[in-house]
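Undergrad: Quick note: the sequence shown uses the numbering used here, first residue 234, plus one each step. Take this structure first; my questions come after.
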Amino acid sequence: MIQDSFIESHISRNNGYKATLFKAFIIVAAIILIAALNIVPVLLGMNIIFVTGMLSAAIVWGIVVLIRRLDIEYEIEISNDLFNVARILAKSKREELAEFSIRDCEYIGPVTGDRYSSDLSDSEFTLKITKDNNYPLTEDYWYAFVNTEGIRFMVVFEFKPEMYPVFRRYNPRNTAVYNLKEA
């Protein structure tokens, strides 16, 4: 009897030092802007503290929204032969990026394989579901080269050994060989 399979993987994107510098720059710029916005009218003798207070609150709200939108997470769900990829923005908004059958994959294997560079050039776009945007070419990262509805694309993801039996069950001819290590 064939059992149903369900695998879920959750990946938080590491934005790197550039995002950290950007956040620091935005916060410092906002502090300077809010200080100038509140101090200059007082020095000029204007009593518009309500207006400058509202503008200051709007600036703080905008900065909070901008910084939260930099937090990106990905979720992979494999349910029997369905492979779902979603992006979660700011820990609240979920966007479905791709959904396809494992049977529609032309190839599933590691990014260190011989086919990787040719499949990369043949794909229209690549979904990088990894911690870093520039993932290393190691055995820890696999890709699925998908041809569905006339669109050819790649999904690069962090491989977990429990995914392999599912790939072999639903697409044995197009899945690379992997040696499962017994625990």
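Beta carbons: idealized from backbone N, C-alpha and C, even for Gly.
Quick check on T253: buried or exposed, where buried means 16 or more other Cβ atoms within 10 Å of its Cβ?
TA: Working through the sequence shown from its first residue, we reach residue 253 at position 20. Exposed is the call here.
Undergrad: Under the three-state reduction of DSSP, which class applies to Y368: helix, strand or coil?
TA: As a working note, residue 368 is residue 135 in the sequence shown. The answer is coil: DSSP assigns Y368 none of H, G, I, E or B.
Undergrad: Using 8 Å as the cut-off, can you tell me whether the region 236 to 252 makes contact with the region 295 to 311, which would need three or more C-beta pairs spanning the two stretches below that distance?
TA: Yes: the two stretches touch, three or more of their Cβ pairs being nearer than 8 Å.
Undergrad: Using the beta-carbon count (16 or more within 10 Å), is N404 buried or exposed?
TA: Counted from its first residue, the sequence shown places residue 404 at position 171. Label assigned to N404: buried.
Undergrad: On the CB-based measure, 16 or more other CB atoms within 10 Å of its CB, does D352 come out buried or exposed?
TA: Position 119 of the sequence shown holds residue 352. Buried, because 16 or more other Cβ atoms sit within 10 Å of the Cβ of D352.
Undergrad: Taking all protein chains shown into account, decide if V297 is buried (16 or more other Cβ within 10 angstroms of its Cβ) or exposed.
TA: Residue 297 sits at position 64 when you count from the first residue of the sequence shown. So V297 ends up on the exposed side.
Undergrad: Please report the distance separating the alpha-carbon of E342 from that of L266.
TA: Taking the sequence shown and counting its residues from 1, the one referred to as residue 342 is at position 109. Taking the sequence shown and counting its residues from 1, the one referred to as residue 266 is at position 33. As written in the sequence, residue 342 is Gly, which differs from the Glu given in the question. Taking the straight line joining both Cα atoms gives about 51 Å.
Undergrad: So what does Y376 bridge to, in DSSP terms?
TA: In the sequence shown, residue 376 corresponds to position 143, counting from 1. In the DSSP output, where bridge partners are listed per residue, Y376 has G342, V389.
Undergrad: Between which two residues does the alpha helix (DSSP H) carrying V401 extend?
TA: Position 168 of the sequence shown, counted from the first residue, corresponds to residue 401. Per the sequence shown, the amino acid found at residue 401 is Arg instead of Val. Run containing R401: 397 to 403, per the alpha helix (DSSP H) assignment.
Undergrad: Under DSSP, the alpha helix (DSSP H) around R301 begins and ends at which residues?
TA: Counting from one through the sequence shown, the residue named residue 301 turns up at place 68. It spans 282 to 302 - the alpha helix (DSSP H) in which R301 sits, taken as one unbroken run.
Undergrad: Where DSSP assigns a beta bridge to S325, which residues make up the other side?
TA: Indexing the sequence shown from 1 puts residue 325 at position 92. Its beta-bridge partners do not exist; DSSP assigns none.
Undergrad: In this structure, does DSSP put R320 in helix, strand or coil?
TA: Along the sequence shown, one-based indexing puts residue 320 at 87. Strand.
Undergrad: Where does A252 fall in DSSP's three states?
TA: By 1-based counting over the sequence shown, the position of residue 252 is 19. Of the three classes helix, strand and coil, the one that applies to A252 here is helix, per DSSP.
Undergrad: Sorted by chain position, which residues of the same chain lie with C-beta nearer than 6 Å to Y376's C-beta, five sequence neighbours on each side aside?
TA: Here residue 376 is taken as the residue at index 143 of the sequence shown, counted from 1. Closer than 6 Å at the Cβ level, and outside the excluded window around Y376, lie V344, M387, V389.
Undergrad: For V399, does the count of other Cβ atoms within 10 angstroms reach 16, so buried, or fall short, so exposed?
TA: Residue numbering aside, residue 399 sits at position 166 when the sequence shown is read from its first letter. V399 is buried by the Cβ-count criterion.
Undergrad: For E308, which residues does DSSP report across the bridge?
TA: Translated into positions along the sequence shown, residue 308 becomes position 75. According to DSSP, which records beta bridges pairwise, E308 is partnered with H243, A319.
Undergrad: How far does the beta strand (DSSP E) with L360 in it extend, from its first residue to its last?
TA: As a position in the sequence shown, residue 360 is number 127, starting the count at 1. Residues 358 to 362.
Undergrad: Please work out which residues of its chain come closer than 8 Å, Cβ to Cβ, to A331, disregarding the five sequence neighbours upstream and downstream, and give them in chain order.
TA: If you number the sequence shown from 1, residue 331 lands on position 98. Contacts found: F316, N317, V318, L360, V379, F386, V388.
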